[in-house]
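Working notes, beginning with the structure itself.
In UniProt numbering, the protein residues as written are 1 to 163.
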């Protein structure tokens, strides 16, 4: 597995992943996207100074992405988002998150990185805690999925936290 900058040729693989019903549920994604949407997303990402994106690549194939955004240099904080649609159970998510945290704290000199995760995504919550994130609170009934409301858990890590 390697982490590389997002490249235009990954747009088709990102588009193919959008058919993954389980990944859509775990990320709370209701929208559908065309190949052109993904091509435009990759192009925007390449030119966005408030974003740090790495494709998670295995054997030359993009199997996920990890993103810091928006990067707020003034307040020294950013959000984190990760989507992995293949390679579960191999530690790729942990490696990717630790990479972007290292970049956030040691290259960008950020102080805080935060995220939201839905309460039913126990695998992700476990990985985030393993990487040093702490639960800060909940956004009650933040997601409606198949007629059921779910909380979003807000988690963060600070540069001063022991990782």
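We put the beta carbon where it would ideally sit given N, CA and C, even for glycine.
Remember, predicted model here, so these are calculated numbers, not experimental data.
query	result
Residue burial classification, residue 133 (beta-carbon count within 10 angstroms, cutoff 16)	buried
Residue 165 - partner residues in DSSP beta bridges	The requested residue 165 does not occur in the structure, where the chain is confined to residues 1 to 163.
Counterpart residues of residue 145 in DSSP-defined beta bridges	148
Beta-carbon contacts of residue 18 that lie in its chain and below 6 Å, excluding the five residues immediately before and after	33
Segment contact flag, the stretch 5 to 23 with the stretch 34 to 43, C-beta cutoff 8 Å, min 3 pairs	yes
Segment contact flag, the stretch 79 to 92 with the stretch 17 to 31, C-beta cutoff 8 Å, min 3 pairs	yes
Distance between beta carbons of residue 54 and residue 96, contact taken as under 8 Å	7 Å
CB of residue 152 within 8 Å of CB of residue 118, strictly	yes
Collapsed DSSP secondary structure at residue 8 in the structure displayed	helix
Residue 135 classed as buried or exposed, judged by whether at least 16 other C-beta atoms fall within 10 angstroms	exposed
Limits of the unbroken beta strand (DSSP E) element including residue 55	52 to 58
Backbone CA spacing between residue 113 and residue 78 [nearest angstrom]	5 Å
Beta strand (DSSP E) segment containing residue 37, residue limits	Taken as a continuous stretch (DSSP letters only), residue 37 belongs to no beta strand (DSSP E), being part of the alpha helix (DSSP H) at 35 to 46.
Beta-bridge pairing of residue 131 - partner residues as DSSP gives them	The partner list for residue 131 (beta bridge, DSSP) is empty, contrary to what the question assumes.
Close beta carbons around residue 90, own chain, < 8 Å, minus the five adjacent residues each side	1
Three-way DSSP call (helix, strand, coil) for residue 90 in this model	coil
Option in 104, 111, 80 and 45 with minimal Cα separation from residue 10	45
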